[in-house]
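Working notes, beginning with the structure itself.
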Amino acid sequence: MKDFIKKFIFYLLRWQLSTPILAIVLIWLATLNKWAATAIANLIGGALFFWVDKWIFKERFLAPLWEIKENIKCIDCGKTCQGFRLVKTGNYNRLKDEKPEFRCEKCSKKKLDQLRQQGVKV
Numbered sequence: 001m002k003d004f005i006k007k008f009i010f011y012l013l014r015w016q017l018s019t020p021i022l023a024i025v026l027i028w029l030a031t032l033n034k035w036a037a038t039a040i041a042n043l044i045g046g047a048l049f050f051w052v053d054k055w056i057f058k059e060r061f062l063a064p065l066w067e068i069k070e071n072i073k074c075i076d077c078g079k080t081c082q083g084f085r086l087v088k089t090g091n092y093n094r095l096k097d098e099k100p101e102f103r104c105e106k107c108s109k110k111k112l113d114q115l116r117q118q119g120v121k122v
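Residues in the sequence shown are numbered from 1 upward in steps of one, following full-length UniProt numbering.
Next up, the structure:
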């Protein structure tokens, strides 16, 4: 909720900043048709504030990405079953792992606890 409020405040500030900038553009284009001037001002505003909005609304935390496979041999206990491996979180990335390690559900939970203790955000 705290992040939402922060994003909302940034958005309101951005909105207030856009008003005088777009007003200046409209004054500058006053000799044109009002509709054309408004359209051009909106295009300029969109080009400027696209980057600001992208920064404000970027997702800072992704839901953990898991890979699940059937009939694997658990790397820890050797049990043949459905296998799990954590692939990616905000500060953990094993997308390009050449030798992925799959674990049964029980061993996967243990490994997840170890990763949390090492500072991996899940």
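Beta carbons are placed, not taken as given, at the ideal position from N, Cα and C, and that holds for glycine.
In this text the structure is predicted, and so the values were computed from the model without any measurement.
**Report entry** Residues sharing a beta bridge with Ile-72, DSSP
**Finding:** For Ile-72, DSSP records a beta bridge to Cys-81.
Query raised in the report: So, helix, strand or coil for Lys-109, using DSSP?
Result: DSSP places Lys-109 in helix when its eight states are reduced to three.
Requested in this report: Give a yes or no on whether the C-beta atoms belonging to Gly-85 and Trp-55 are separated by under 8 Å.
Outcome: Just to set this straight, residue 85 is Arg in the shown sequence, not Gly. Taking 8 Å as the Cβ cut-off, Arg-85 and Trp-55 do not qualify as a contacting pair.
Report task. State the DSSP-derived secondary structure class of Asn-42, mapped to helix, strand or coil. Result -> Of the three classes helix, strand and coil, the one that applies to Asn-42 here is helix, per DSSP.
Query raised in the report: Rounded to whole angstroms, how far is the Cβ of Gly-45 from the Cβ of Leu-22, which I believe are closer than 8 Å?
Result: Gly-45 to Leu-22, Cβ: 5 Å. Contact.
Query raised in the report: Of all the options Phe-102, Leu-115, Ile-9, which has the alpha carbon lying nearest to the alpha carbon of Phe-57?
Result: Of the listed residues, the one whose Cα sits closest to Phe-57 is Ile-9.
Query raised in the report: When the Cα atoms are used, what is the spatial distance from residue 124 to Gln-16?
Result: No information on residue 124 is available, as it lies outside the stretch 1 to 122 that the chain covers here.
Query raised in the report: Got a sec? Which residues, its chain only, sit under 8 Å from Leu-38 by beta carbon, not counting five neighbours each side?
Result: The question names Leu, but residue 38 in the sequence shown is Thr. Result list for Thr-38: Leu-26, in chain order.
Query raised in the report: Taking the DSSP output, what are the residues bridged to Asn-93?
Result: Residue pairing of Asn-93 in beta bridges, as defined by DSSP: Lys-88.
Report task. Note down the Cα distance separating Lys-79 from Cys-104, rounded to an integer number of angstroms. Result -> In this structure, the straight-line span from the alpha carbon of Lys-79 to that of Cys-104 is close to 7 Å.
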